[in-house]
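Residues in the sequence shown are numbered from 9 upward in steps of one, following the numbering used here.
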Amino acid sequence: RPLRDGRSKQRPYDIFINKRPIPQPNPQPMAIALLTIELYLPITDSLKDKRSVIRPLIARLRREYNISICEADAQDQLSRAVLEVVCVSGNRALAHRQLQNVANRVESWRMDAEMIDYNIEMID
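Here is the structure:
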């Protein structure tokens, strides 16, 4: 409602609403990278043994690299596991480098999980 002198009545929270900075468009889009790791588990006799190898690996990678990771394929096979790792970054090179570090870490981590193959894919 306007006041007597013609100005509108200002509510206390209007000063915060009207003074927000206008967001500028991001010139460089976010980079999403996908790492697929195929592991060979030679000494697993049951799915419980397989989980005892895979779960600590997944937990450690999440903690150390701030990534999303899951077992994606071959869940019923005892001697094989496929892990999918996703990284989101503001820079393509940084995302690729981080997933390369993850692959190197998995390769050197344990003797009971041997890396057969890995593939890094950039998603547009």
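Positions of the beta carbon are idealized from the N, C-alpha and C atoms, including for glycine.
It should be emphasised that the depicted structure is a prediction, and the values quoted were computed from it without experimental measurement.
Buried or exposed by the 16-neighbour rule on C-beta atoms within 10 Å, applied to residue i
i, result
"Gln-106", "buried"
"Cys-95", "buried"
"Ile-51", "exposed"
"Lys-58", "buried"
"Leu-55", "exposed"
"Ala-89", "buried"
Own chain partners of residue i with C-beta closer than 6 Å, once the 5 adjacent residues on each side are dropped
i, result
"Tyr-73", "Val-110"
"Asp-120", "Ile-51 and Val-61"
When the options are compared against residue i, the one with the closest alpha-carbon
i, options, result
"Asp-81", "Ser-87, Leu-91 and Ile-75", "Leu-91"
"Ile-75", "Glu-122, Leu-102, Glu-115 and Asp-132", "Leu-102"
"Gln-108", "Tyr-48, Arg-63, Val-61 and Leu-69", "Leu-69"
"Asp-132", "Glu-122, Val-114, Ser-97 and Asp-125", "Ser-97"
"Met-8", "Leu-65, Ser-60, Pro-37 and Leu-55", "Outside the modelled stretch of the chain, which goes from 9 to 132, sits residue 8, for which no answer is possible."
Chain-order list of residues whose beta-carbon lies under 8 Å from that of residue i (same chain, five-residue window excluded)
i, result
"Arg-100", "Ala-39, Ala-41 and Met-130"
"Arg-53", "Reading the sequence as shown, one finds Asp at residue 53 and not Arg. So the qualifying residues of the chain are Leu-86."
"Ile-77", "Ile-66, Leu-69, Arg-70, Leu-91, Glu-92, Val-93 and Val-94"
Boundaries of the beta strand (DSSP E) in which residue i is found, first to last residue
i, result
"Ala-80", "76–81"
Close-in-space but distant-in-sequence residues of the same chain around residue i (CB under 7 Å, 5 per side omitted)
i, result
"Glu-115", "Met-123"
"Thr-44", "Val-90, Glu-92, Tyr-126 and Asn-127"
"Tyr-48", "Ser-87, Arg-88, Glu-122 and Ile-124"
(message) For a minimum of 4 consecutive residues, which ranges assigned as the alpha helix (DSSP H) are wholly contained in the region 41–73?
(response) 55–73
(request) Could you tell me which uninterrupted alpha helix (DSSP H) segments, each at least 4 residues in length, are contained entirely in the region 85–121, listed from first to last along the chain? (result) 100–115
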